[in-house]
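In the numbering used here, the protein residues as written are 296 to 466. Every residue gets a Cβ at the ideal spot worked out from N, C-alpha and C, and that includes glycine. From a predicted model like this one, the values you see are computed outputs, not experimental measurements.
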Ligand SMILES: CC(C)(COP(=O)(O)OP(=O)(O)OC[C@H]1O[C@@H](n2cnc3c(N)ncnc32)[C@H](O)[C@@H]1OP(=O)(O)O)[C@@H](O)C(=O)NCCC(=O)NCCS
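Shown next, in the form of structure tokens:
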């Protein structure tokens, strides 16, 4: 996929981000804690502030994958203010017609490399227990289930499990 490009989103990309994120929530509602109904009500400034590097988190890596300039995937790396040693993966999604070509793996590799460069000790995420494709993706990249399980969102019958990758010997 020589025309595949992965780049960092900026606030100027808010409309592109909004459309890909909403597409992901519509396509895979069982994969995310948030919902299409919730995020489709966000204002322009809410979308922009999510992409603002000085925003809520200590550090953020909002990535978009584009094929011949068309968005085909997103994923975020985040380090929260509360723990600079732990990076998190959020919002991983690849458009259905682009799956099975290594795009999620490429996004994940970028986030792992970013976390290592930030001297994080661990990188973690939550994944719906029945999501075989995502669980396979993370297992393949060295993530292990931590044993922590919780419901996908309040009232959901779906459960998520936390998966963690130890980065301490990865540098
Ligand atoms: C999960 C998802 C991101 C994978 O994207 P993708 O680009 O198709 O994945 P890749 O092609 O990079 O695959 C990388 C690895 O993931 C695993 N994998 C991907 N699809 C899989 C499937 N259907 N079944 C089992 N394992 C799978 C494999 O280990 C694969 O490596 P391999 O090809 O060497 O076997 C995609 O299916 C998706 O967007 N699903 C809906 C949203 C979602 O579930 N997001 C995750 C939230 S935690």
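Is DSSP giving residue 435 helix, strand or coil here? In the three-state DSSP reduction, residue 435 falls in the helix class (H, G or I).
Here's a check: name, in chain order, each residue in its chain whose Cβ is nearer than 8 Å to the Cβ of residue 410, leaving out the five neighbours to either side. For residue 410, where only same-chain residues beyond five positions count, the Cβ hits under 8 Å are 372, 374, 382, 418, 462.
Helix or strand or just coil, what does DSSP make of residue 401? Look at residue 401 here: in three-state DSSP terms it is helix.
Same chain, Cβ closer than 7 Å to residue 339, five either side skipped, listed in chain order: In its chain, beyond the 5 residues on either side, 309 have a beta carbon closer than 7 Å to the beta carbon of residue 339.
Just mark residue 420 as buried or exposed, buried being the case when its beta carbon has 16 or more other beta carbons within 10 Å. Under a 10 Å Cβ-count criterion, residue 420 is classified as buried, with 16 or more other Cβ atoms of the shown protein chains found around its own Cβ.
Report the partner residues of residue 445 according to the DSSP bridge assignment. Bridge partners of residue 445: 455.
Quick one: is residue 402 buried, meaning 16 or more other Cβ sit within 10 Å of its Cβ, or exposed? Buried.
Less than 8 Å between C-beta atoms, sequence neighbours within five positions excluded: which residues of the same chain meet that for residue 325? Residues of the same chain with a CB within less than 8 Å of the CB of residue 325, apart from the 5 flanking positions on each side, are 423, 425, 426, 447, 453 in chain order.
Quickly, what does DSSP pair residue 383 with across the bridge? List them, please. DSSP, once it has assigned bridges, lists 373, 419 as partnering residue 383.
Does the structure place the segment 379 to 396 close enough to the segment 339 to 349 that three or more beta carbon pairs sit under 8 Å? The answer is no - the segment 379 to 396 does not touch the segment 339 to 349, with fewer than three Cβ pairs under 8 Å.
DSSP three-state label for residue 361, please. DSSP places residue 361 in strand when its eight states are reduced to three.
For ligand 1, any of its heavy atoms closer than 8 Å to the Cβ of residue 400? Yes, Cβ of residue 400 sits closer than 8 Å to a heavy atom of ligand 1.
Using DSSP bridges, identify the partner residues of residue 393. Among the bridge pairs identified by DSSP, residue 393 is matched with none.
Tell me, please, whether the segment 388 to 400 touches the segment 358 to 372 by the rule of three or more beta-carbon pairs shorter than 8 Å. Yes, since at least three Cβ pairs between the segment 388 to 400 and the segment 358 to 372 fall closer than 8 Å, the two stretches touch.
Which whole-angstrom value describes the C-beta separation of residue 363 and residue 449, a residue pair presumed to lie in contact below a C-beta threshold of 8 Å? Actually they are not in contact, since the Cβ atoms of residue 363 and residue 449 sit about 40 Å apart, beyond 8 Å.
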